[in-house]
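FYI, in this note's numbering the residues of the sequence shown are 1282 to 1859.
Think of the CB as a built atom: it goes at the ideal place given N, C-alpha and C, for glycine as much as any other residue.
To start, the structure under review is shown below, and the notes come after it.
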Amino acid sequence: MLRLNKSLVFLALFALFGLAASHIHAFDIFWQLQSGKYMVETGSIIRTDLFTLASDAPRYEHCWLHDLVTYAAYRLGGYPALSLLKGLLLGAMALFLVLAARTRSSSWLAILLVLPILFAGMGGWLARPQLWTFCFFALFVWVLERHRRNGGRRILWLIPVVLLWANLHAGVVLAAALWLAYAAGGFANRVVFGKEEKINLKRLFWLAPGLMVAAALTPYPDYLWSTLRGIARLGAHNSAGGQLVGPMTAIFNMDWRPTTFAGEPQFFYALIATALILLVGWRRNRFTDLFLLGGLALMGWRLSRHTTFLYLGMVAILPAYLDVAVRPLADRVSKRTATVLVLCLTLTGAASFAWFAKPPLEKYGWFRLGLRPFQYPVAAVDFLKKESLPKNLYNTYDWGGYLAWQLFPEYLVFWDGRQNSAEMFRYGWEIMAGKPGWEDHLDRFAVNTIVTRTCTMDTGQRFPLLDRLRTSPDWVLVFQDPAALVFVRRNALPTAWVMEHELPPDRIDDTILATGRRLVADNPNRYIAWWEIARIELARRNYAEAFTSLGEYLRRTPVPDPTAEYYYRMLYPTQQGR
């Protein structure tokens, strides 16, 4: 049975590798590719926002080494190589967590039972530099657990690990939190519990200066210290009145917001499960574990982007508590009964892993390498290049990286996912939201071409800018496909060219429909996308489709639009039961 459980764990690790080595569908990957390409071609480090219209704004490219690794992988094998790199990093992360759990004497069965919790963090499995932080976090925990158990000098290997980590991703600040959890926890274990551990506290404390020096050996050492000083103010937070407050760049980035039960219920279920497992395995309790899991829980509660770390900590720490919890039961039953129970738990663990793996397998496939083209304005960029559309560009925020990768240096993008300039971010958002003065902002930056998607990624709401462009006499739609729209300023091109390429405004709705349907197919809880679909189908008198979409919207929205309720009641007598 031991061999079976061990085999199942390694089979699960290979399955995770295959699932993670999936299509590239992140948006940040492209400005990282462009950054890597620029550094290779120029031999210089990036210090300003080179690829946008805010090109003189300071830029701390803290993931500069990741950019170079990503660009090198692309040069070697194209987008499929990037898929494999993603899979390798996430596979290594899972392996290090399993090794950490085994270092704590956890059984293979307990590890198999806890391993499916990794799927709760799949939202973070994107081709972004944070994957290095996931991997090094798991490696750190494994090395610290080995030191806690065996002592020795191997802990000094964490210094070169931090040197690499600091140049791959700013998440290296987590090294300080991990060090603190194990140093303070090891000290508390000795003082409070009198537990004898082989952890060498003196060596651990002397390790701290080495880690600090290694973390500072980057082209941007001041960025690390400014991040540490401002860590309590990272992201957005809820005010006493319940309003979301903070920098605009955080408020309008979904993963920089506080975690809520409505948005990520699995995080709160994981908190409850962690507390229960720690309670039933109380004989195993150590301050190192409590400090580590408590700190990760606090991080995840404060910012949605950090919830994944709790799930990683659970895989490394909790299996040992499960073993302690079931030991009294195992001592009371016969050997035959124990064998049957172990077999049942093995089947439960395997079935649980398969059940959680099924949705991502259906959605992303297994070793499905390469680029997911419908996520990006591929055809729109080809059209822009072919027709040499006039500068400057305004673009959707999350497409800035792809456009920079495809169009720099001929074009600068308006903004992208790494935008540091708060002023530029405000301009971009006010244009996207169609706020008063949106045309003045476009004029200020001499924008003559707009490349835009149609809906937000979180709820599926159409961008108000589209309604402004639809009725503006100064802008004309010249390209439309299921992913993107391209508008040009009417007087920026010859009249004959404009007359040849101008498209009717209702083609905007075709792209909204295509995008909305794709969004709800991916996640039916994008409730506003259902309402956007219904509005267009109502206008086109496709009442059956409109009624279905209205029903989905009203079933999922927290605050229904009275107009949607009116149309649903109006259609109900004729459409119900069809």
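Residue i by DSSP, collapsed to three states: which one?
{"i": "residue 1605", "result": "helix"}
{"i": "residue 1395", "result": "helix"}
{"i": "residue 1406", "result": "coil"}
{"i": "residue 1655", "result": "helix"}
{"i": "residue 1837", "result": "helix"}
{"i": "residue 1731", "result": "strand"}
{"i": "residue 1613", "result": "helix"}
{"i": "residue 1857", "result": "coil"}
{"i": "residue 1701", "result": "coil"}
{"i": "residue 1345", "result": "helix"}
{"i": "residue 1760", "result": "strand"}
{"i": "residue 1823", "result": "coil"}
{"i": "residue 1541", "result": "coil"}
{"i": "residue 1849", "result": "helix"}
{"i": "residue 1675", "result": "strand"}
{"i": "residue 1305", "result": "strand"}
{"i": "residue 1435", "result": "helix"}
{"i": "residue 1333", "result": "strand"}
Is it the case that the Cβ atoms of residue i and residue j are separated by a distance below 8 Å?
{"i": "residue 1466", "j": "residue 1567", "result": "yes"}
{"i": "residue 1334", "j": "residue 1695", "result": "yes"}
{"i": "residue 1602", "j": "residue 1558", "result": "yes"}
{"i": "residue 1658", "j": "residue 1675", "result": "no"}
{"i": "residue 1293", "j": "residue 1365", "result": "no"}
{"i": "residue 1808", "j": "residue 1850", "result": "no"}
{"i": "residue 1562", "j": "residue 1619", "result": "no"}
{"i": "residue 1775", "j": "residue 1655", "result": "no"}
{"i": "residue 1332", "j": "residue 1312", "result": "yes"}
{"i": "residue 1382", "j": "residue 1596", "result": "yes"}
{"i": "residue 1439", "j": "residue 1464", "result": "no"}
{"i": "residue 1405", "j": "residue 1589", "result": "yes"}
{"i": "residue 1550", "j": "residue 1341", "result": "no"}
{"i": "residue 1755", "j": "residue 1743", "result": "no"}
{"i": "residue 1367", "j": "residue 1412", "result": "yes"}
{"i": "residue 1393", "j": "residue 1630", "result": "yes"}
Relative to the C-alpha of residue i, which candidate in the options has its C-alpha closest?
{"i": "residue 1498", "options": "1461, 1444, 1491", "result": "1444"}
{"i": "residue 1284", "options": "1388, 1636, 1744, 1784", "result": "1388"}
{"i": "residue 1380", "options": "1455, 1620, 1422, 1647", "result": "1422"}
{"i": "residue 1492", "options": "1400, 1447, 1319", "result": "1447"}
{"i": "residue 1732", "options": "1708, 1781, 1721, 1678", "result": "1678"}
{"i": "residue 1833", "options": "1666, 1688, 1806", "result": "1806"}
{"i": "residue 1436", "options": "1460, 1729, 1670", "result": "1460"}
{"i": "residue 1319", "options": "1685, 1707, 1697", "result": "1685"}
{"i": "residue 1484", "options": "1431, 1604, 1454", "result": "1431"}
{"i": "residue 1310", "options": "1327, 1336, 1363, 1302", "result": "1363"}
{"i": "residue 1544", "options": "1638, 1739, 1390", "result": "1739"}
{"i": "residue 1471", "options": "1429, 1369, 1507, 1853", "result": "1429"}
{"i": "residue 1857", "options": "1455, 1831, 1839, 1842", "result": "1831"}
{"i": "residue 1574", "options": "1412, 1458, 1819, 1424", "result": "1458"}
{"i": "residue 1385", "options": "1743, 1569, 1617", "result": "1569"}
{"i": "residue 1842", "options": "1768, 1767, 1813", "result": "1813"}
{"i": "residue 1505", "options": "1495, 1451, 1355", "result": "1451"}
{"i": "residue 1547", "options": "1455, 1402, 1417, 1848", "result": "1402"}
Taking the C-alpha atoms as reference points, what is the distance between residue i and residue j?
{"i": "residue 1314", "j": "residue 1347", "result": "9 Å"}
{"i": "residue 1817", "j": "residue 1793", "result": "9 Å"}
{"i": "residue 1845", "j": "residue 1717", "result": "27 Å"}
{"i": "residue 1651", "j": "residue 1662", "result": "19 Å"}
{"i": "residue 1649", "j": "residue 1359", "result": "14 Å"}
{"i": "residue 1623", "j": "residue 1287", "result": "13 Å"}
{"i": "residue 1835", "j": "residue 1759", "result": "35 Å"}
{"i": "residue 1322", "j": "residue 1680", "result": "23 Å"}
{"i": "residue 1811", "j": "residue 1799", "result": "11 Å"}
{"i": "residue 1449", "j": "residue 1433", "result": "28 Å"}
{"i": "residue 1749", "j": "residue 1778", "result": "23 Å"}
{"i": "residue 1784", "j": "residue 1339", "result": "40 Å"}
{"i": "residue 1735", "j": "residue 1796", "result": "7 Å"}
{"i": "residue 1634", "j": "residue 1642", "result": "12 Å"}
{"i": "residue 1803", "j": "residue 1330", "result": "33 Å"}
{"i": "residue 1722", "j": "residue 1587", "result": "35 Å"}
{"i": "residue 1297", "j": "residue 1289", "result": "12 Å"}
{"i": "residue 1427", "j": "residue 1462", "result": "15 Å"}
{"i": "residue 1637", "j": "residue 1408", "result": "21 Å"}
{"i": "residue 1552", "j": "residue 1578", "result": "7 Å"}
{"i": "residue 1337", "j": "residue 1701", "result": "11 Å"}
{"i": "residue 1572", "j": "residue 1554", "result": "17 Å"}
{"i": "residue 1343", "j": "residue 1713", "result": "28 Å"}
{"i": "residue 1583", "j": "residue 1576", "result": "11 Å"}
{"i": "residue 1353", "j": "residue 1390", "result": "40 Å"}
Answer with yes or no whether the minimum CB distance from residue i to chain D is below 8 Å.
{"i": "residue 1359", "result": "Among the chains in the structure shown there is no chain D, since it carries only a single protein chain."}
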